[in-house]
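Below is one structure, written out as structure tokens, with a few remarks after it.
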Amino acid sequence: MQPSKVRWGELEEDDGEDLDFLLPPKQVIGPNENGIKKVVEFKFNDDGNKVKITTTSRVRKLANALLSKRAVERRSWPKFGDAVHEDVGSRLTMVSTEEILLERPRAPGTKQEDNKGSLDPLAQGGAVLMVCRSCGKKGDHWTSRCPYKDLSQPTDTFVDKPTTDSNAATGVTKGAYVPPSMRGGTTERSSGSDMRRRNEENSVRVTNLSEDTREPDLLELFRPFGNVSRVYVAIDQKTGTSRGFGFVNFVSREDGERAINKLNGYGYDNLILRVEWAAPRAN
DNA sequence: GATGAGCGG
């Protein structure tokens, strides 16, 4: 009988024939209670004769070999948990289905001033991940979707509006980062988040696009009317083809207005474009 | 005729 597969690691390095497969398999006997182990194997010697080799060795006892003193000590501990009714020293391994609750010391809603009078179960659980940074409402909405964003006070604790030289002279804002929108000391500017949100919403819907109109094409078409903050062409996820409509967002509403007036009804790629203000996105 | 994906501290 020839072995069907020989792993390369088992191949003989010299060029002599490997006839080991003709030999009886290696036998291991023991170890017995005295730790005596016997290994019986067969080999061909240099003359090509079959020889039997018996190796006898003593193995150290398991506890000495593998267990530390502390580990041996632990075996005499009383059982606990699901194993509480087991005898000491028995059943060294046991799978437990006991539920372990982990403490989260800094979980949202744990701060004293946050919790006072709160009967909101969401606030009690400590499992709420969604906490609006703008209004502080928990489990309701993300900061970017805060319905109270426009009402909330600007965080003047973080950013002092520099009034050109007065603050610099007193050194109050020395080294503090001031975002570009807050530079220049004008108090007339409306709050930054407010403006940015409006810019995102100057959304123009373009329909009756040919199937091979892509976003770069749309940008090229609308770019002459003003700064475009986003172009989007709806793609059918199944087929990967255009669904024939898209959106273009303008930084300023006036530019969007002009684009609508000029491009609505415009012939593009053998089709008549329809261009108008987009309805606010559903959800 | 037609109204978008993903992103979480």
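Heads up: the first sequence runs through residues 1008 to 1290, numbered per the numbering used here. All C-beta atoms in this analysis are idealised placements derived from N, C-alpha and C, irrespective of residue type, glycine included. In this text, all values refer to a predicted model and were calculated from it rather than measured experimentally.
Backbone secondary structure at residue i - three-state DSSP
| i | result |
| --- | --- |
| LYS983 | Only positions 1008 to 1290 of the chain appear in the structure, and residue 983 is not among them; the question remains open. |
| LEU1270 | helix |
| LEU1278 | strand |
| THR1100 | coil |
| ARG1237 | strand |
| ARG1082 | coil |
| ARG1288 | coil |
| THR1063 | strand |
| GLU1093 | coil |
| PHE1087 | coil |
| GLU1048 | strand |
| GLU1218 | coil |
| GLU1283 | strand |
Identity of the residue in the options nearest residue i by Cα
| i | options | result |
| --- | --- | --- |
| GLU1048 | LEU1226, VAL1035, ASP1054 and TRP1284 | VAL1035 |
| ASP1089 | ARG1082, PRO1031, MET1101 and VAL1095 | MET1101 |
| ASN1234 | VAL1079, ASP1094 and GLU1261 | GLU1261 |
| ARG1230 | ASN1256, ASN1277, VAL1138 and GLY1096 | ASN1256 |
| PHE973 | SER1064, LEU1029 and LYS1245 | The question about residue 973 has no answer, for the chain in this structure spans 1008 to 1290. |
| VAL1156 | ASN1268, GLY1146, VAL1211 and CYS1142 | Reading off the sequence shown, one finds Lys at residue 1156, where the question assumed Val. Minimum Cα distance to LYS1156 is reached at CYS1142. |
| GLY1037 | PRO1085, ASP1243 and THR1062 | THR1062 |
| VAL1282 | ASP1276, ALA1289 and GLY1272 | GLY1272 |
| GLU1222 | LEU1278, GLU1207 and ALA1241 | ALA1241 |
Burial state of residue i (16 or more Cβ within 10 Å)
| i | result |
| --- | --- |
| GLY1055 | exposed |
| PRO1112 | Residue placement at PRO1112 cannot be trusted, given a pLDDT of 43 that sits under 50; what the coordinates show is reported in the next sentence. Exposed. |
| THR1220 | buried |
| VAL1058 | exposed |
| ALA1266 | buried |
| LEU1228 | buried |
| LEU1225 | buried |
| VAL1095 | exposed |
| VAL1213 | buried |
| VAL1138 | buried |
| PRO1154 | exposed |
| PHE1232 | buried |
| GLY1263 | buried |
| VAL1091 | exposed |
Residue range of the unbroken beta strand (DSSP E) whose run includes residue i
| i | result |
| --- | --- |
| VAL1254 | This sequence places Phe at residue 1254; Val is not what is there. That run of the beta strand (DSSP E) goes 1249-1257. |
| THR1214 | 1210-1214 |
| GLN1034 | 1034-1036 |
Whole-Å CB distance - residue i paired with residue j, under 8 Å assumed
| i | j | result |
| --- | --- | --- |
| VAL1238 | GLY1251 | In fact, because the Cβ distance is near 15 Å, the residues do not count as touching under 8 Å. |
| ASN1215 | LEU1280 | 6 Å |
| SER1064 | LYS1033 | No, SER1064 and LYS1033 are not in contact; Cβ-Cβ is about 14 Å, not under 8 Å. |
| SER1249 | GLU1218 | 5 Å |
| ALA1285 | SER1210 | 4 Å |
| LYS1086 | GLU1093 | 5 Å |
Span of the alpha helix (DSSP H), counted from its first residue to its last, around residue i
| i | result |
| --- | --- |
| ASP1224 | 1222-1229 |
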